[in-house]
C-alpha cells in the first residue's frame with residue numbers, strides 16, 4: 001500500500017477561501033474552456049468564459065452549464081439567457097486563449113466583452129437568432145433555453161437544447177466533430193493545457209468469457 | 001468570412017441514434033474520465049466510468065455528475081448512492097485507461113467491476129466509510145450525497161459534497177492538486193487524449209485603462 005496524503009472536510013474548512021476555491025475547482029479535472037455568448041433585448045452583446053459545460057443527453061440534444069448566483073450585479077449572462085432564451089457556446093482554441101480568459105473580468109454591463117478583448121461577434125442573418133457567437137472560434141453551437149434549475153448553493157443550472165452547430169473548418173465527417181485544431185483544456189480556473197490524441201477505444205459489451 | 005459547415009436541429013433529427021449520440025457527446029469538449037465507486041448495503045462493490053463530473057461550488061465543496069435514467073436494470077450506481085448516500089471519484093491516469101473504459105460494459109449486478117477489470121477496491125478502515133475507491137488511481141475523492149435532481153430527459157443530476165481527498169503521490173502543495181501524472185482526458189465516449197501544460201494565467205481584473 002503506497003503512502004498517500006489525505007485532506008479531510010475539516011482541513012478544507014481551515015483553508016482560506018481562495019486556496020479552497022483553487023483546490024476544489026480542480027477536482028473535476030480537465031475541461032474545455034468555452035465562451036458563452038448572449039445579448040440583451042436591446043442587442044447589447046455579452047461574452048463570458050466558463051468550463052462547466054457537460055453532456056446531458058443526445059435526443060433531444062441537451063447540454064448543461066452552471067452559472068453563479070444571479071443576485072450579483074454581474075449576472076449579465078444569466079439575465080440575457082432568461083430574457084432572450086438564447087445563448088451560444090464557442091469553443092476556445094490555442095489562438096484565442098488569452099482573449100477568452102480576459103472575458104472572466106467583471107466588465108460593466110454597457111461594455112461588450114467582444115470589444116474589450118477584440119473578438120468578433122458573429123450574428124446570424126436570421127431574424128430568429130440574436131445571440132452572438134465568436135467568429136474566431138472553430139466550433140460554435142447555438143442553444144435555446146430548455147430549463148433552469150436552482151442548485152443548493154444558489155448557483156443556477158442552465159440546460160440548453162442544441163439548435164445548430166457550425167465550424168469554420170471542414171471538420172465534420174459523417175456528423176463527427178474534429179477537435180484536432182481545438183485541442184485546449186483548462187484545469188481549475190487558470191491552468192491551460194494542450195491535448196494530444198492517444199487512441200480510440202470501442203463500445204464495451206459484457207462478455208463473461210472475456211478476460212482483459 | 002471563412003466558409004463553415006452548419007448542422008441544424010433538423011439535420012440532427014435525421015441522424016441515426018448512434019451517430020447523433022456520438023456527435024452530441026463531443027460538443028462539451030474534453031473531460032477527465034473518472035471512476036465512480038459505490039457499494040450496496042451488503043458490501044457488493046460497483047465501479048462505473050463517467051466523464052460528466054463538474055464543479056458546482058467550493059464552500060461547501062460540491063461536485064455534480066449525471067447518471068442515466070434509473071429505471072433500467074443497470075442502475076446499480078444510482079441505487080447504491082441512494083441507499084448508502086456515499087460514493088467515490090477516482091481519477092483515471094494513463095496506466096489504467098483500458099481497465100477503466102472496460103467498466104462501461106453492462107456487468108450484472110452480482111459482478112464487481114473491480115474484479116472484472118482487475119482494479120483494487122480501497123476501502124476505508126473507518127466504519128463510517130463504506131464506498132470503495134480505486135487503489136491504482138492517483139487522485140481519489142470521497143463524497144456524501146447532497147441532493148439529487150431530476151433532469152428533463154429523465155437523467156439524474158447527483159450532487160455530492162466532498163468529504164475527503166487523497167492522493168498516492170506527494171502531489172499536494174499548499175492545498176494544490178498536481179495533475180501532472182494524471183493528464184488524461186476523453187472527448188465523447190471513446191477518444192482518449194493526453195494533456196500537456198501550456199501556461200498558467202491569472203485572475204482578471206476589470207481595468208478600463210488596460211488594452212490587450
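Residue numbers (the working numbering), protein chains in the order written: chain D, 1 to 212; chain W, 1 to 212.
Cβ coordinates follow ideal geometry from the N, Cα and C atoms, glycine included.
- Proximity to residue 196 (chain D) across W:186, W:199 and W:159 peaks at W:186, based on C-alpha coordinates.
- Linking residue 114 (chain W) to residue 96 (chain W) through their CA atoms gives a straight-line distance of about 12 Å.
- Rounded to whole angstroms, the gap between the alpha carbons of residue 166 (chain D) and residue 6 (chain W) is 4 Å.
- In this structure, the alpha-carbon of residue 26 (chain W) lies about 11 Å from that of residue 61 (chain D).
- Counting along the chain, residue 182 (chain D) sits inside no alpha helix (DSSP H), nor does DSSP assign it H or E at all.
- Taking C-beta atoms as the reference points, residue 29 (chain W) and residue 88 (chain W) fail to come closer than 8 Å.
- When W:134, W:94 and W:92 are compared, the shortest CA-CA separation from residue 112 (chain W) is found for W:134.
- Going by DSSP, residue 16 (chain D) is part of no alpha helix (DSSP H) at all; its letter is neither H nor E.
- Here residue 33 (chain W) is not bridged, per DSSP, to any residue.
- The distance from the Cβ of residue 178 (chain W) to that of residue 161 (chain W) is about 23 Å, inconsistent with a contact at the 8 Å cut-off.
- A Cβ of chain D is located within less than 8 Å of the beta carbon of residue 19 (chain W).
- Residues of chain D whose Cβ lies closer than 8 Å to the Cβ of residue 45 (chain W) do not exist, since the nearest Cβ in that chain is about 17 Å away.
- Within chain D, no residue has its CB atom less than 8 Å from the CB of residue 35 (chain W), the nearest being about 12 Å off.
- C-alpha of residue 121 (chain D) to C-alpha of residue 149 (chain W): approximately 35 Å in a straight line.
- Look at residue 109 (chain W): its C-beta is not under 8 Å from any C-beta on chain D.
- Segment contact: the segment 42-59 of chain D against the segment 41-58 of chain W, three or more CB-CB distances shorter than 8 Å; contact assigned.
- Of all residues in the segment 64-89 of chain D, only 66 come within less than 7 Å of chain W when Cβ atoms are compared, listed by chain position.
- For residue 162 (chain W), the chain D residues whose Cβ falls inside 8 Å of its Cβ are 9, 12, 24 and 27, in order along the chain.
- Counting only runs that start and end inside the segment 77-118 of chain D, the alpha helix (DSSP H) elements of at least 4 residues fall at 97-102 and 113-117.
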